[in-house]
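The structure appears right after this line, and notes come after that.
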Amino acid sequence: MKHILKIIALLVTISAMWIGLLEMSVVPQNQTWLLPIYFIVSLGCYGLLMVGIGLMHFPTCPHEAVLLQQDVVEAKHYLKQRGVDVASE
1 MKHILKIIAL
11 LVTISAMWIG
21 LLEMSVVPQN
31 QTWLLPIYFI
41 VSLGCYGLLM
51 VGIGLMHFPT
61 CPHEAVLLQQ
71 DVVEAKHYLK
81 QRGVDVASE
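Written out as structure tokens, the structure is:
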């Protein structure tokens, strides 16, 4: 919900700036109509950046790591019973 409010606030701000630029004629008319396209492209780039950052800072799961280590120990024990040479730690 917090992110939705941020996005809505950002959309309102961008819309207000766009309408202001249209009214004040600071930017030529042919360029101000492209601002929504620039905004959509910028929002897409921001989304990709956030996904990339989220993947780089992937949260660790200590409980899952313990379970995985237990599975590794069980697999080594199973393979030793079958006569497969397993390198020890």
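Take the sequence shown: its position 13, counted from the start at 1, is 13 in full-length UniProt numbering, and no numbers get skipped. Cβ atoms here follow ideal geometry from the backbone N, Cα and C, with glycine treated the same way.
Between the segment 34 to 44 and the segment 11 to 25, are three or more C-beta pairs nearer than 8 Å? yes
In terms of residue numbering, what span does the alpha helix (DSSP H) encompassing residue 15 cover? Here the question's residue 15 lines up with position 15 in the sequence shown. Taken as a continuous stretch (DSSP letters only), the alpha helix (DSSP H) holding residue 15 covers 2 to 24.
Measuring CB to CB, does residue 76 end up less than 8 Å from residue 66? Taking the first residue of the sequence shown as 1, we reach residue 76 at position 76. Taking the first residue of the sequence shown as 1, we reach residue 66 at position 66. Contact flag unset, no.
Distance between residue 81 and residue 6 (C-alpha atoms, nearest Å): As a position in the sequence shown, residue 6 is number 6, starting the count at 1. As a position in the sequence shown, residue 81 is number 81, starting the count at 1. The alpha-carbon of residue 6 is positioned some 58 Å away from that of residue 81.
DSSP on residue 85, reduced to helix/strand/coil? Within the sequence shown, numbered from 1, the residue matching residue 85 stands at position 85. Correct three-state label for residue 85: coil.
Within the same chain, show all residues whose beta-carbon is closer than 7 Å to that of residue 42, passing over the 5 residues directly before and after it, in chain order. Reading the sequence shown from its first residue, position 42 is the one you call residue 42. Hits under 7 Å: none found.
State the Cα-Cα distance for the pair residue 2 and residue 70, rounded to the nearest angstrom. Counted from its first residue, the sequence shown places residue 2 at position 2. Counted from its first residue, the sequence shown places residue 70 at position 70. Cα-Cα distance, rounded: 39 Å.
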